[in-house]
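Asker:
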Amino acid sequence: MGNETDKYRCSTTQQQHNLSVEEVYDKEELSTKLVVKDHNADVYRVFHSREEFWEFNDGIAEHLRSFSEVVYGDLPQFPRIHVEFGSLNKLPGTKI
462 MGNETDKYRC STTQQQHNLS VEEVYDKEEL STKLVVKDHN ADVYRVFHSR
512 EEFWEFNDGI AEHLRSFSEV VYGDLPQFPR IHVEFGSLNK LPGTKI
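Number 524 in the numbering used here belongs to position 63 of the sequence shown; there are no gaps in the numbering.
#1: Would you kindly work out how many angstroms separate the C-alpha atoms of Asp503 and Gly534, rounded to a whole number?
#2: Using only the alpha-carbon positions, how far apart do Trp515 and Lys498 sit?
#3: Cutting at 7 Å between CB atoms, please list the residues of its own chain near Asn518, excluding the five before and the five after it.
#4: What does Phe517 pair with, by DSSP beta-bridge criteria?
#5: Once DSSP output is grouped into helix, strand and coil, what is the label at Lys498?
#6: In angstroms with no decimal places, state the Cα-to-Cα distance between Ser510 and His524.
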């Protein structure tokens, strides 16, 4: 079994569709970009900014929004807090 990161696909152009993110961008260039896994399209997408990602996200039907940020261990990262609820109802015994 090989290195799974070598199998990343990047949707930058149709011609590059089956190339890995690392084949399209060098590591230094990736440090200024946001890389996300699009779980529905089964590809990795590279955005030049968070704003560009949010514009893309707004154009996707809500039920198809399923993304994960790709974190390269040796590159700068943004802290994040992930909160998920399975119901729109309040949690019993809380103010949430």
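Note that the Cβ used here is the ideal one computed from N, Cα and C, for glycine as well. Note that this is a predicted model, so its numbers are computed, not measured.
Answerer: The answer reads as follows:
#1: For this step, residue 503 is matched to residue 42 along the sequence shown. For this step, residue 534 is matched to residue 73 along the sequence shown. Distance between the alpha carbons of Asp503 and Gly534 is about 22 Å.
#2: As a working note, residue 515 is residue 54 in the sequence shown. As a working note, residue 498 is residue 37 in the sequence shown. Each residue's alpha carbon lies about 14 Å from the other.
#3: Within the sequence shown, the letter at position 57 stands for residue 518. So the qualifying residues of the chain are Arg526.
#4: The residue you call residue 517 lines up with position 56 of the sequence shown. Partner(s): none; Phe517 has no beta bridge.
#5: Translated into positions along the sequence shown, residue 498 becomes position 37. Correct three-state label for Lys498: strand.
#6: Stepping through the sequence shown from its first residue, residue 510 is reached at position 49. Stepping through the sequence shown from its first residue, residue 524 is reached at position 63. Roughly 23 Å between the two C-alpha positions.
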